[in-house]
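Engineer: Numbers in this note's numbering are just positions in the sequence shown, counted from 1, shifted up by 12. Here a beta-carbon is modelled for each residue, glycine too, at the ideal position from N, C-alpha and C. The following block contains the structure, expressed as structure tokens.
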Amino acid sequence: MTKVLFILKRREDYNAVVHSHVGLSTGLYNSASFVNQMLRDSGIHSDLCVVTDNNDIDRVVTEHRPTHVIIEALWCVPSKFAVLQQLHPHVIWIIRLHSEMPFMATEGIAMDWICEYSGFRNLIIACNAPRMLRETRDLVRLRNQCTVAEAQRRVIYLPNYYPQHYVYKKLDSHKHSLDVCCFGAVRPLKNHLLQAVAAVQMAERWGKKLRFHVNSGRVEGRGEPIVHNLRSVFEQLWDRGHEMISHEWTPREQFLELCASMDLGLQVSFSETFNIVGADLISQGVPLIGSAEIPWAVGLFTADPTNSRDIIRKMSLSYELPWLNVRWHQQRLKTYTSDTRIVWDEYFAG
13 MTKVLFILKR REDYNAVVHS HVGLSTGLYN SASFVNQMLR DSGIHSDLCV VTDNNDIDRV
73 VTEHRPTHVI IEALWCVPSK FAVLQQLHPH VIWIIRLHSE MPFMATEGIA MDWICEYSGF
133 RNLIIACNAP RMLRETRDLV RLRNQCTVAE AQRRVIYLPN YYPQHYVYKK LDSHKHSLDV
193 CCFGAVRPLK NHLLQAVAAV QMAERWGKKL RFHVNSGRVE GRGEPIVHNL RSVFEQLWDR
253 GHEMISHEWT PREQFLELCA SMDLGLQVSF SETFNIVGAD LISQGVPLIG SAEIPWAVGL
313 FTADPTNSRD IIRKMSLSYE LPWLNVRWHQ QRLKTYTSDT RIVWDEYFAG
């Protein structure tokens, strides 16, 4: 019988006082928990654990006795598998990658570790995006001098799943303020600054006072200058009445409530594989303006991440037709999720 165990590493910025014992509800944890529950709903035995480091893996695998272990993201040093495979020779290990190659370029160990993983028996690399799948297969094939078929066996596609719970809300276009959010960890490829500048122009065009909402507490990939420049934009425009509001990371239920209070959501990123934040906004009936990097995004409401005027146009269109933005995005997300379920079911139940 197939038994799946998802293993995540506890982040250093998890706050065990404010949040639950598994730590802060982040995109990576949400991604794994969504798939874990989906597999359970499909009748597949599946569990999820959060560990402190590499040394905890043997303990939780011994406790749960899975047939498949999915390590979420790059945190387990490759040499550890020489030991783990001796201790658990029948386990199939899967390292699941959550980023495209442009973001991987910011992870100093990414290419070394991916290539080292590919040399272990019973170890599979899983990508959650088709482009990353193709590129990783090419890399593994060349590194190991193996056939295309062997590279396809060693590198598989396991996309994100999103739970199917959607609501609708009525946008209040008569209020004097405009609540626009650009949630997620602050990092260069998320493109916060250009979206903030576009949001200011959008608010000016509609005669509104902008309240630009971001998350605080997670600044990654040398994102400190981005935070400084974001603050500077709103400090320099204080006399126009525009403001930036920072929100601490919260458990998922509270975050969804925050999402529901927004008028528009921005995720016009340079690189994405799925974008759970965008899905959260759409699930709460909030219009989303994303980039073409989001695989389920609707083209009519996607913007060029290098063009503030295009972002403004798509924001204005979404503000005028919020119901169309939400309805079309929800439908696309439902289709994407339905296809995802088939992929996971075929791999673990097929």
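For my contact list, Gly221 and His188 are in at a C-beta cut-off of 8 Å; report their separation, rounded to the angstrom.
Structural biologist: As a working note, residue 221 is residue 209 in the sequence shown. As a working note, residue 188 is residue 176 in the sequence shown. Position check: residue 221 holds Lys in this sequence, whereas Gly was assumed. Right, the Cβ-Cβ distance comes to about 6 Å (below 8 Å), so this counts as a contact.
Engineer: Distance, Cα to Cα, Ile354 vs Glu247?
Structural biologist: As a working note, residue 354 is residue 342 in the sequence shown. As a working note, residue 247 is residue 235 in the sequence shown. Cα to Cα, the separation comes out at about 49 Å.
Engineer: Since Ile370 and Leu276 should fall inside the 8 Å C-beta cutoff, what is the C-beta to C-beta distance between them, to a whole number of angstroms?
Structural biologist: The structure shown has nothing for residue 370, since the chain only spans 13 to 362.
Engineer: Closer than 6 Å to a non-hydrogen atom of the ligand GDP - does that hold for the CB of Pro317?
Structural biologist: In terms of ligand content, the structure shown is empty, and the ligand GDP therefore cannot be addressed.
Engineer: What does a CB cutoff of less than 6 Å around Ile324 pick up in its chain, not counting 5 residues either side in sequence?
Structural biologist: Taking the first residue of the sequence shown as position 1, residue 324 is located at position 312. These residues qualify, in order along the chain: Ala210, Gln213 and Met214.
Engineer: Which residues mark the beginning and the end of the alpha helix (DSSP H) in which Asp292 is found?
Structural biologist: Taking the first residue of the sequence shown as 1, we reach residue 292 at position 280. Start and end: Ile288 to Ser295.
Engineer: Sort out for me which residues DSSP pairs Gly302 with in a bridge.
Structural biologist: As a position in the sequence shown, residue 302 is number 290, starting the count at 1. Paired residue(s): Gln279 and Thr314.
Engineer: In angstroms with no decimal places, state the Cα-to-Cα distance between Val289 and Gly39.
Structural biologist: In the sequence shown, the residue the question calls residue 289 occupies position 277. In the sequence shown, the residue the question calls residue 39 occupies position 27. If I take the Cα positions, the gap works out to 8 Å.
Engineer: In terms of DSSP beta bridges, what is His188 paired with?
Structural biologist: On the sequence shown, position 176 is the one that residue 188 refers to. Per DSSP, none; premise fails for His188.
Engineer: Within 10 angstroms of the Cβ of Ile257, are there 16 or more other Cβ atoms? Answer buried if so, exposed if not.
Structural biologist: Along the sequence shown, one-based indexing puts residue 257 at 245. Exposed, since its Cβ has fewer than 16 Cβ neighbours within 10 Å.
Engineer: Which of helix, strand or coil does DSSP assign to Val81?
Structural biologist: As a working mapping, residue 81 is identified with position 69 in the sequence shown. Strand.
Engineer: If you check the beta carbons only, do Asn203 and Val280 fall under 7 Å apart?
Structural biologist: In the sequence shown, counting from the first residue as 1, residue 203 sits at position 191. In the sequence shown, counting from the first residue as 1, residue 280 sits at position 268. Their beta carbons are under 7 Å apart, which means Asn203 touches Val280 by this criterion.
Engineer: Look at Leu170 and Ala141 and say whether their C-beta atoms are less than 7 Å apart.
Structural biologist: As a working mapping, residue 170 is identified with position 158 in the sequence shown. As a working mapping, residue 141 is identified with position 129 in the sequence shown. Taking 7 Å as the Cβ cut-off, Leu170 and Ala141 do not qualify as a contacting pair.
Engineer: Drop a sphere of 10 angstroms on the beta-carbon of Gly120, count the other beta-carbons inside from all chains shown, and report buried for 16 or more, exposed for fewer.
Structural biologist: Residue 120 sits at position 108 when you count from the first residue of the sequence shown. With fewer than 16 Cβ atoms within 10 Å of its Cβ, Gly120 is classed as exposed.
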